[in-house]
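Numbering (my numbering), first residue to last: 1 to 418.
Below you can see the structure in the form of structure tokens.
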């Protein structure tokens with residue numbers, strides 16, 4: 001069976017799909033992953049076919065224009081949106097049609113909604129996936145809302161997602177008419193289609209963390225996380241090993257793919273916070289969220305390392321709250337402290353705190369050494385966090401989200417043939 005996987009975003013939006021794609025390919029399916037240009041070689045390194053959706057996400061987020069998207073300034077965000085994002089959307093539309101139109105099944109991240117339109121033409125099986133809970137439910141509200149509002153209002157909070165096409169509706173409709181031969185798209189379009197096609201919905205989150213009710217639409221499944229195992233090929237260098245041997249287990253601190261507005265200032269605040277807490281730490285610079293500066297002996301700077309291996313060497317994790325890093329920390333059974341920036345990150349920070357797995361989240365934009373230090377001390381000294389994290393880590397380690405997802409995808413694809 002030919003399967004196209006369409007995704008966009010940062011590393012955390014691609015990594016789970018590599019894990020899923022490899023498992024599907026091992027089952028004999030022909031798999032192609034369409035993703036940001038800077039991840040294509042990574043995908044191909046895992047033995048999968050890939051194609052670029054027309055944007056280099058790392059280059060985008062590391063240039064001044066891209067950083068404006070994270071600034072919180074609405075006018076700056078709109079200008080950047082028009083200048084950079086809109087042209088890239090056109091490329092994504094064209095590439096989605098070019099590469100997915102011959103597929104039997106299309107698996108897609110909601111950021112690549114063109115899958116809906118392509119399947120409308122080809123009749124391909126449509127599988128909408130999510131790395132955090134975005135499918136409408138009466139059980140809990142959309143992730144940007146903090147409370148619970150009752151079944152009716154909970155489900156209503158998901159409606160704004162249906163308006164996302166309004167930003168690009170002229171472009172999408174021109175593409176639908178001229179390339180796909182379709183009528184205009186509805187102004188309000190759910191993330192998983194307009195109801196014309198039956199859609200399988202997979203939420204790649206551990207049911208030990210959050211789960212859609214069994215009474216929900218039978219086409220929504222909480223599969224468990226889709227982990228990509230890369231640690232077995234990682235060889236830590238002598239500097240890393242010497243640092244580990246020289247004292248107590250360090251705390252991991254890293255902000256992944258998220259750049260920050262002033263990396264040097266943030267790094268200095270973090271270093272001072274670590275010193276004040278009297279801890280050892282590993283700092284991961286990632287895509288530039290932290291700056292390479294002179295460090296004391298109790299702090300080791302690295303660029304990156306696979307979390308499934310790195311987290312064996314640390315006592316706790318501090319990060320931005322990306323879905324993938326959160327999942328890795330939970331599986332490792334480690335207390336977690338989240339310093340969110342934007343998108344779904346505040347949601348994970350609140351969830352970790354509510355589950356008793358770590359301190360209250362501290363916004364990355366408001367991070368100062370004094371507050372950061374107090375939270376670090378709480379993170380490593382509060383035994384209730386360690387106990388709760390160990391328990392949930394054991395449960396997640398016994399789950400196989402990729403295997404469950406493959407099982408559901410294959411059953412869905414064969415439903416009309418039985």
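Idealized CB from N, CA, C, for every residue including glycine.
Express the C-alpha separation of residue 301 and residue 166 in angstroms, rounding to a whole number.
-> Residue mapping note: residue 166 aligns to position 166 of the chain shown, counting from 1. Residue mapping note: residue 301 aligns to position 301 of the chain shown, counting from 1. Going from the Cα of residue 166 to the Cα of residue 301 covers about 43 Å.
Rounded C-alpha distance that separates residue 402 from residue 19 = Taking the first residue of the chain shown as position 1, residue 402 is located at position 402. Taking the first residue of the chain shown as position 1, residue 19 is located at position 19. Residue 402 and residue 19: Cα-Cα distance of roughly 7 Å.
DSSP beta-bridge partners for residue 35?
-> The residue you call residue 35 lines up with position 35 of the chain shown. Note: residue 35 sits in a beta bridge opposite 52.
How would you write the range of the beta strand (DSSP E) that residue 152 sits in, first residue to last?
-> Mapped onto the chain shown, residue 152 falls at position 152. Note, residue 152: premise wrong, no beta strand (DSSP E); alpha helix (DSSP H) at 151-156.
Cα separation between residue 312 and residue 305?
-> To locate residue 312, count along the chain shown from 1; it is residue 312. To locate residue 305, count along the chain shown from 1; it is residue 305. Each residue's alpha carbon lies about 12 Å from the other.
Quick one: Cα of residue 359 to Cα of residue 2, how far?
-> Here residue 359 is taken as the residue at index 359 of the chain shown, counted from 1. Here residue 2 is taken as the residue at index 2 of the chain shown, counted from 1. Computed Cα separation, rounded: 45 Å.
From residue 298 to residue 283, what does the alpha carbon distance come to, in whole angstroms?
-> In the chain shown, the residue the question calls residue 298 occupies position 298. In the chain shown, the residue the question calls residue 283 occupies position 283. In a straight line, the C-alpha of residue 298 is about 11 Å away from that of residue 283.
Does the Cβ-Cβ distance between residue 189 and residue 116 come in under 9 Å?
-> Mapped onto the chain shown, residue 189 falls at position 189. Mapped onto the chain shown, residue 116 falls at position 116. It is a contact, given that the beta carbons lie within the stated cut-off.
Residue 202 versus residue 223: straight-line alpha-carbon distance, rounded = For the purposes of this step, residue 202 is identified with residue 202 of the chain shown, where counting begins at 1. For the purposes of this step, residue 223 is identified with residue 223 of the chain shown, where counting begins at 1. If you take the alpha carbons of residue 202 and residue 223, they lie about 7 Å apart.
The beta strand (DSSP E) enclosing residue 4, as first and last residue numbers = Taking the first residue of the chain shown as position 1, residue 4 is located at position 4. From DSSP, the beta strand (DSSP E) with residue 4 extends over 2-6.
Residue 148 and residue 154 look like a contact to me (Cβ under 8 Å); what is the Cβ gap, rounded to whole Å?
-> On the chain shown, residue 148 is found 148 positions in, with the first residue counted as 1. On the chain shown, residue 154 is found 154 positions in, with the first residue counted as 1. Confirmed, Cβ separation roughly 7 Å.
Where does residue 125 sit, in a helix, a strand or coil, going by DSSP?
-> By one-based count along the chain shown, residue 125 stands at place 125. Strand at residue 125.
In this structure, does DSSP put residue 412 in helix, strand or coil?
-> By 1-based counting over the chain shown, the position of residue 412 is 412. Here residue 412 sits in helix by DSSP.
Name the DSSP beta bridge partners of residue 201, please?
-> The residue given as residue 201 occupies position 201 in the chain shown. According to DSSP, residue 201 bridges with 128, 220.
Neighbourhood of residue 25 by C-beta, 6 Å cutoff - its chain only, sequence neighbours within 5 removed | Taking the chain shown and counting its residues from 1, the one referred to as residue 25 is at position 25. Hits under 6 Å: 31.
Continuous alpha helix (DSSP H) stretch holding residue 316: start and end = Within the chain shown, residue 316 is the residue found at index 316, counting from 1. Looking at the DSSP string, residue 316 is not in any alpha helix (DSSP H); the run it does join, the beta strand (DSSP E), is 316-319.
For residue 441: DSSP bridge partner residues | In the structure displayed, the chain extends from 1 to 418; residue 441 sits before or after that span and is not available.
Extent of the continuous beta strand (DSSP E) run through residue 251 = Mapped onto the chain shown, residue 251 falls at position 251. Taken as a continuous stretch (DSSP letters only), the beta strand (DSSP E) holding residue 251 covers 251-254.
State the CB to CB distance for the pair residue 133 and residue 191, rounded to an integer number of angstroms; the pair is presumed to be in contact (CB under 8 Å).
-> The sequence position of residue 133 within the chain shown is 133, counting from 1. The sequence position of residue 191 within the chain shown is 191, counting from 1. So it is not a contact: roughly 12 Å between Cβ atoms.
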